[in-house]
Amino acid sequence: MSHSNYIRVTKPFIVEEGTKVSDLVRELKGRGIDIVLVVRKGTPIGWLSTKNLDSPERLSCEVQEIMNRNIITVNGNEDLLDVLSLMIKNKLDCLLLMKRGKVEGVITVKDVLYAIQKNAETVSSQTS
């Protein structure tokens, strides 16, 4: 992201379409993962928030049945406020950071807010 040395980019936890949600929940147990990227032959086709995966009606589904298909990518050169605005406007928990056609990581709203706060602190300390 432009103007930020503070943006945290998380390597995504990746599963293939066709994965059972119950298998995914077992795999994720205790790992502290918030976002799961769903791929088809290595290409992102959707993502899941892990917040509500373990509801009984979802456990028997496959990931592609409940994933969010709205994937928006950024390249890292965007202004942080533009990125935050994009996330809010599209009601997204995350964006994919892509470099040279490859997924570099996942950026969450929390990551963007953290970077904005750190940038503001840096500017404030430089003007004091």
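Under the UniProt record's numbering, the letters of the sequence shown match residues 1 to 128, in that order. Yeah, the Cβ is synthetic: ideal placement off N, Cα and C, and Gly gets one too.
For residue i, tell me which candidate among the options has the shortest Cα-Cα distance.
i, options, result
"S49", "I116, V106, V123 and E121", "V106"
"M98", "E65, I71, L53 and E27", "I71"
"V21", "V103, T10 and I66", "I66"
"K51", "L24, V39, R40 and N77", "L24"
"I33", "L53, R58, Y6 and I88", "L53"
Between the alpha carbons of residue i and residue j, how many angstroms are there, rounded?
i, j, result
"R69", "G30", "26 Å"
"E62", "L96", "22 Å"
"E16", "V36", "10 Å"
"S55", "N119", "39 Å"
"K91", "W47", "13 Å"
"V83", "I14", "23 Å"
"T19", "T108", "23 Å"
Helix, strand or coil, according to DSSP, for residue i in the structure here?
i, result
"E62", "strand"
"L53", "coil"
"R31", "coil"
What does residue i pair with, by DSSP beta-bridge criteria?
i, result
"K20", "E62"
As an exercise, report each continuous alpha helix (DSSP H) stretch of at least 4 residues that is fully enclosed by the UniProt domain "CBS" (67–122), in chain order. 80–89
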